[in-house]
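Heads up: the sequence shown begins at 22 in our numbering, then just goes up one per residue. Notes follow the structure.
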Amino acid sequence: MVERDGTHVSGRIVETEAYMQHDPASHSFNGPTSRNSVMFGPPGRLYVYRSYGIHWCANVVTGVERDGQAVLLRALVPVDGLEVMRSRRAGRPDRELCNGPGKLCAALGIDGDDNGIDLTGVSSAIRIVDDGSEVTEAVSVGPRIGITKAVDTPWRFRIP
22 MVERDGTHVS
32 GRIVETEAYM
42 QHDPASHSFN
52 GPTSRNSVMF
62 GPPGRLYVYR
72 SYGIHWCANV
82 VTGVERDGQA
92 VLLRALVPVD
102 GLEVMRSRRA
112 GRPDRELCNG
122 PGKLCAALGI
132 DGDDNGIDLT
142 GVSSAIRIVD
152 DGSEVTEAVS
162 VGPRIGITKA
172 VDTPWRFRIP
């Protein structure tokens with residue numbers, strides 16, 4: 022859920038990919054840098070970076086400090102703020118508002134200024150909360166996409 026400037030947008034996360042420090046596809050593979058330092062910080066932070074110099078992508082830091090782990094938010098189903106998301110992704114059908122990591126960030130208004138934000142804080146502009154929904158279908162597990170290293174690692178998780 023993202024709240025800022027009087028707007029509220031949210032969605033249910035339905036697709037993620039995991040990345041760990043020993044993983045050659047991870048930004049943390051070669052250790053901490055100025056770009057990826059958030060991945061080595063406390064869990065519950067948002068690691069935001071540019072993909073191909075164009076799209077913002079958001080990851081939730083999941084490992085203990087100094088262990089560069091994060092989960093890429095790949096897709097979500099919009100729940101609140103649909104009109105705001107539509108304005109941010111003008112001309113796109115609703116099914117394409119948040120069906121990719123860059124699209125998700127654009128629809129939610131997440132950018133580089135959000136890098137390092139604490140997702141666990143009650144007063145944080147961006148939070149991940151349990152909405153109480155139960156997953157009734159099997160979670161699909163498979164290889165990650167959009168990478169060139171460790172492509173067969175089955176760390177992509179999707180809810181149909």
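Heads up, the beta-carbon is just placed ideally off N, CA and C, and yes, glycines get one too.
Going by C-alpha distance, which of ALA146, PRO45, GLU36 is nearest THR28?
For the purposes of this step, residue 28 is taken as residue 7 along the sequence shown, with counting starting at 1. Of ALA146, PRO45, GLU36, the residue nearest in Cα terms is ALA146.
Within the continuous beta strand (DSSP E) that includes ARG25, where are the two ends?
The count along the sequence shown starts at 1 and reaches residue 25 at position 4. ARG25 -> beta strand (DSSP E) spans 23-25.
I'd like to know whether the C-beta atoms of SER31 and GLN42 end up nearer to each other than 8 Å.
The count along the sequence shown starts at 1 and reaches residue 31 at position 10. The count along the sequence shown starts at 1 and reaches residue 42 at position 21. Against a cut-off of 8 Å, the Cβ pair of GLN42 and SER31 comes out as no contact.
Is the CB-CB distance between VAL23 and LEU129 below 8 Å?
Counting from one through the sequence shown, the residue named residue 23 turns up at place 2. Counting from one through the sequence shown, the residue named residue 129 turns up at place 108. Closer than 8 Å, so yes.
Where does CYS119 sit, in a helix, a strand or coil, going by DSSP?
Looking up residue 119 in the sequence shown gives position 98. For CYS119, the secondary structure class from DSSP, reduced to helix, strand or coil, is coil.
Backbone secondary structure at ARG56 - three-state DSSP
By 1-based counting over the sequence shown, the position of residue 56 is 35. DSSP places ARG56 in coil when its eight states are reduced to three.
Across which residues does DSSP place ARG66 in a beta bridge pair?
What you label residue 66 is simply residue 45 of the sequence shown in a count that begins at 1. For ARG66, which the question treats as bridged, DSSP gives the partners ASP139.
Flag this pair as touching only if the region 84-103 and the region 116-133 have three or more C-beta atom pairs under 8 Å; answer yes or no.
yes
Sorted by chain position, which residues of the same chain lie with C-beta nearer than 8 Å to ARG71's C-beta, five sequence neighbours on each side aside?
Within the sequence shown, numbered from 1, the residue matching residue 71 stands at position 50. Within the same chain, ARG71 has close Cβ partners TRP77, CYS78, GLY133.
So what does DSSP say about GLU104, is it helix, strand or coil?
Residue numbering aside, residue 104 sits at position 83 when the sequence shown is read from its first letter. In the three-state scheme derived from DSSP, where H, G and I count as helix and E and B as strand, GLU104 is classed as helix.
So what's ALA127 in DSSP terms, helix, strand or just coil?
Sequence index remark: in the sequence shown, residue 127 carries index 106 (1-based). Here ALA127 sits in helix by DSSP.
Could you please give the first and the last residue of the uninterrupted beta strand (DSSP E) stretch that includes THR28?
Taking the sequence shown and counting its residues from 1, the one referred to as residue 28 is at position 7. From DSSP, the beta strand (DSSP E) with THR28 extends over 28-40.
With distances taken Cα to Cα, identify the nearest neighbour of LEU93 among TYR40, THR174, SER161.
On the sequence shown, position 72 is the one that residue 93 refers to. It is TYR40.
Closest to ILE131 by C-alpha separation, out of ARG110, PRO164, ASP151, would be which residue?
Along the sequence shown, read from residue 1 onward, the residue named residue 131 stands at position 110. Comparing alpha-carbon positions, the option among ARG110, PRO164, ASP151 lying closest to ILE131 turns out to be ARG110.
From the DSSP output, which residues share a beta bridge with GLY163?
As a position in the sequence shown, residue 163 is number 142, starting the count at 1. Partner(s): ARG177.
Name the residue from GLY65, THR141, PHE61, ASP152 whose alpha carbon lies nearest to the alpha carbon of GLU86.
Translated into the one-based positions of the sequence shown, residue 86 becomes position 65. Closest by alpha carbon: PHE61.
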